[in-house]
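Numbering (our numbering), first residue to last: 4 to 87. Quick reminder that beta carbons are idealized off the backbone N, C-alpha and C, glycines included.
Below, the structure written as structure tokens:
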């Protein structure tokens with residue numbers, strides 16, 4: 004079994020889609036906000052890159068007052084795509 008796509012919902016209207024195609028060494032993350040859209044590509048096997056992207060996802064998807072979610076929690080979802 005392989006996980007190839009994960010959809011993440013933060014606060015209302017704030018989403019991200021992370022995906023990894025078969026045999027790809029990269030994870031693609033698309034951030035979709037009401038006033039901002041951007042796509043990032045990170046190496047699937049790079050722990051630091053996944054943690055930095057976890058920070059970006061938390062900052063973009065969660066309300067500033069929601070400090071109880073750690074970037075590590077988002078990075079763990081990306082790790083599922085890495086297959087590690």
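Whole-angstrom distance between residue j and residue i, CA atom to CA atom
i, j, result
"residue 5", "residue 31", "16 Å"
"residue 59", "residue 9", "16 Å"
"residue 38", "residue 51", "28 Å"
"residue 35", "residue 41", "7 Å"
"residue 81", "residue 57", "8 Å"
"residue 55", "residue 49", "10 Å"
Under 7 Å between C-beta atoms of residue i and residue j
i, j, result
"residue 53", "residue 78", "yes"
Neighbour-count burial assignment, residue i, 16 or more Cβ in a 10 Å radius
i, result
"residue 23", "buried"
"residue 13", "buried"
"residue 19", "buried"
Close Cβ partners of residue i (< 6 Å) along its chain, the five nearest in sequence each way excluded
i, result
"residue 76", "none"
Cβ-based neighbour list, residue i, same chain, cut-off 7 Å, excluding 5 preceding and 5 following
i, result
"residue 61", "72, 74, 77"
Contiguous alpha helix (DSSP H) assignments of at least 4 residues, all confined to the region 39–74 | Segments of the alpha helix (DSSP H) lying fully in the region 39–74: 50–64.
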